[in-house]
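In our numbering, the protein residues as written are 14 to 271. Here a beta-carbon is modelled for each residue, glycine too, at the ideal position from N, C-alpha and C.
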């Protein structure tokens, strides 16, 4: 009888252990505790500072992008961007030759792609991969985190603060982003992106911080795909010029072919 009880107890122990492991694997998006020492207003201002550190309000830029995936040839692009505020940006691919002239337009919350020899612009999903990279169309469209996410401060380590960003709308590509930020410079350091299933799906790193156009900015970034081992995309800021204005025709969907 004692032997049967021992066997039964062992079975219960193993079952509970396996159940606990499964729960750990299926752990949902972290419900990070808000640090009460910081106000909501400070969290919002910090996120605004992070957005400002990425790009000026109105600018022209040139960037390179390279995507690495195991067993595949690297995918390389060079593109130029015109941006005006957080709701208007135009990206045009200038390299390689086979993709030259393709354009992506952000207008309000809508994304459109223009392909030469195709009669009409194609509407894009915000969470769709951009040109086979680990970035989504939303990531490269220059919409700001402040526009799309509600911030809370949930951790602090020395001069680093953890901003937990929760999506304001259902059409935003990520449900939550946990972003470590330098408290003094307001430059982002790294972040984890969570999908609608509450699991971490991407991790971004920011490098090569230099002063350009009046602010410290990360000139390089890497987006790693956590669901595909060894897959990542590097983006390098090659040129950046702050502008006083950009003519509205640049963001006119009927003018993309010109």
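- Annotated as proximal: residue 177 and residue 190, with beta-carbon spacing under 9 Å.
- The alpha helix (DSSP H) runs of length 4 or more contained entirely in the segment 127-193 are, from start to end of the chain, 158-161.
- Judged by beta-carbon spacing, residue 57 lies within the 9 Å limit of residue 159, meaning their Cβ atoms are closer than that value.
- About 20 Å separates the Cβ atoms of residue 215 and residue 250, ruling out a contact at the 8 Å cut-off.
- Taking a 10 Å sphere around the C-beta of residue 74, we find 16 or more other C-beta atoms and assign the residue as buried.
- When rounded, the separation of the alpha-carbon atoms in residue 213 and residue 241 is 12 Å.
- Your pair residue 141 and residue 132 does not check out as a contact, with CB atoms roughly 21 Å apart and the cut at 8 Å.
- Exposure of residue 221 is indicated by the presence of fewer than 16 other C-beta atoms within 10 angstroms of its C-beta.
- For residue 112, the three-state secondary structure derived from DSSP is helix.
- The residues 253, in chain order, have a CB closer than 6 Å to that of residue 225 in the same chain once the five nearest residues on each side in sequence are set aside.
- Under the 10 Å beta carbon count, residue 262 is surrounded by fewer than 16 other beta carbons and is classified as exposed.
- In the DSSP assignment, residue 216 falls within the unbroken beta strand (DSSP E) covering 213-225.
- Nearest in C-alpha terms to residue 172, of all of 195, 186, 180 and 271, is 195.
- Rounded to the nearest angstrom, the Cβ distance from residue 82 to residue 243 is 7 Å, consistent with a contact under 8 Å.
- Burial state of residue 135 is exposed, judged by a 10 Å Cβ sphere holding fewer than 16 other Cβ atoms.
- In this structure residue 229 is in contact with residue 66, their Cβ atoms being roughly 6 Å apart against a cut-off of 8 Å.
- Look at residue 52 here: in three-state DSSP terms it is coil, with no helix or strand label.
- Of 179, 157 and 161, the smallest CA-CA separation from residue 167 is found for 179.
- Taking a C-beta distance under 9 Å as the contact criterion, residue 211 and residue 185 do not qualify as a contact pair.
- Per the coordinates, the alpha-carbon of residue 165 lies some 37 Å from the alpha-carbon of residue 127.
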